[in-house]
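I have placed the structure first, in the form of structure tokens, so that the comments after it can refer back to it.
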Amino acid sequence: MERKKVTIQDLMGKKKEGKKITMLTAYDFAMASFIDQVGIDMILVGDSAGMVVLGYESTVPVTMDEMIHHCKAVRRGVRYAFLVGDMPFMSYNISREEAIRNAGRFMKEAGCDAVKLEGGLEVVETVKRITLAGIPVMAHIGLTPQTAGQLGGFRVQGKDAVSAQRLLDSAQALEEAGACSIVIECIPDKLAGLISQSLKIPTIGIGAGPACDGQVLVTNDLLGLFERFTPKFVKQYIKLFPMIKEAVEIYKNEVETGKFPGPEHTFVMEADELSKIMVNKIHKEK
Ligand code: KIV
């Protein structure tokens, strides 16, 4: 069957049919192309870029221009997946006008299909305004890394009845505000199940158990490319970092010992042509 570009309607349809939605992050053309070829439904250019590719300590320093730069590269590698651009810290918190303007940049400059922003009840009005401007919004509740300090650090959210109720209320209010989907990060599995059942829009879980409508992981975590720390909810499907390190060490050694480049990696000149140059050289030197 010919592949078609994934739409919001396709994602809603998958939820209705009880089919799981797949989502991964990407930050550049090459990784986006691989992920798209496999048939992953959604690609998120996460502000996790700040930590896993830009080397910041957190996602807080990431700027709009950095996000647009990564989104443009990813866009060039994606033909089918639904592409979501992550709004960085302070790009949607200062005023609704600025939030709409910045969300618009993800669509106009980078060709994203939707934007994602973090927060619960406090961002409901912003989600509504961006949606009314014609930009699909993916919400993000639970552990929200941009404001992890306020949440007491990187820890599971919604463990008691009061905070669990707040998350459920937030999810419902975000859906009413027009959100097309919602990331649920680091909350207990039963609460994630309850939220997923209570919404028409798909929930995409990360550290929220199997009852969500879909799952997302940071691709660099899944591939074992981020060494600084590995959260409990990450499954590493391969450990690429030591493999890359070993390959680079072998290269270094081969260059230093003259083993690389070998004849198979070298362009040669016909002996005749070479002797013509040598003759010319001798003439010039006379
Ligand atoms: O920035 C990111 O990669 C994210 C995902 C972890 C959902 O927000």
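Position 198 of the sequence shown, counted from 1, bears residue number 198 in the working numbering, the numbering being contiguous throughout. By construction, the Cβ of each residue, glycine as well, lies at the ideal position given by its N, Cα and C atoms. Quick caveat: nothing in here was measured; it's all calculated off a predicted structure.
- In this structure, alanine 208 and isoleucine 187 form a Cβ contact; the two beta carbons are roughly 5 Å apart against a cut-off of 8 Å.
- For lysine 116, DSSP records a beta bridge to Asp86 and Met138.
- The shortest CA-to-CA distance from lysine 4 to any of Met42, Val123, Leu24 and Val115 is the one to Met42.
- The residue from Val62, Arg166, Ala114 and Arg228 with its alpha-carbon nearest to that of methionine 90 is Val62.
- Around the CB of tyrosine 237, fewer than 16 other CB atoms lie within 10 Å, so the residue is classed as exposed.
- Residue pairing by DSSP puts threonine 203 in a beta bridge opposite Ile182.
- Take leucine 83, set aside five residues on each side of it, and the residues of its chain with a beta-carbon closer than 6 Å to its own are Ile43, Cys112 and Asp113, in chain order.
- Not one heavy atom of the ligand KIV lies closer than 6 Å to the C-beta of threonine 147.
- In this structure phenylalanine 29 touches valine 74 by the C-beta definition: roughly 7 Å separates them, less than 8 Å.
- Within 6 Å of the C-beta of threonine 203 there is not a single heavy atom belonging to the ligand KIV.
- In this structure, leucine 117 keeps its C-beta atom at 7 Å or more from the C-beta atom of alanine 173.
- DSSP, read as helix, strand or coil, puts threonine 219 in helix.
- For valine 45, the beta-bridge partners assigned by DSSP are Gly85.
- No residue range can be given for leucine 121, since it is assigned to no beta strand (DSSP E) and is classified by DSSP as neither H nor E.
- Placement of the Cβ of aspartate 47 at a distance of less than 6 Å from at least one heavy atom of the ligand KIV is found.
- Relative to the ligand KIV, even the nearest heavy atom lies 6 Å or more away from the CB of threonine 144.
- The C-alpha of methionine 243 is placed about 25 Å away from the C-alpha of histidine 70.
- In the three-state reduction of the DSSP assignment, glycine 214 falls in the strand class, which pools E and B.
- For isoleucine 206, the CB falls within less than 6 Å of some heavy atom of the ligand KIV.
- Short of 6 Å from the beta carbon of glycine 205, and not among the five residues preceding or following it, lie these beta carbons of its own chain, in chain order: Ile184, Ala192, Cys212 and Gln215.
- Note on geometry: alpha-carbon atoms of threonine 7 and serine 181 lie some 12 Å from one another.
- Of Ala271, Asp189, Met87 and Ile201, the smallest CA-CA separation from alanine 164 is found for Asp189.
- When secondary structure is reduced to three states using DSSP, isoleucine 21 falls in the strand class.
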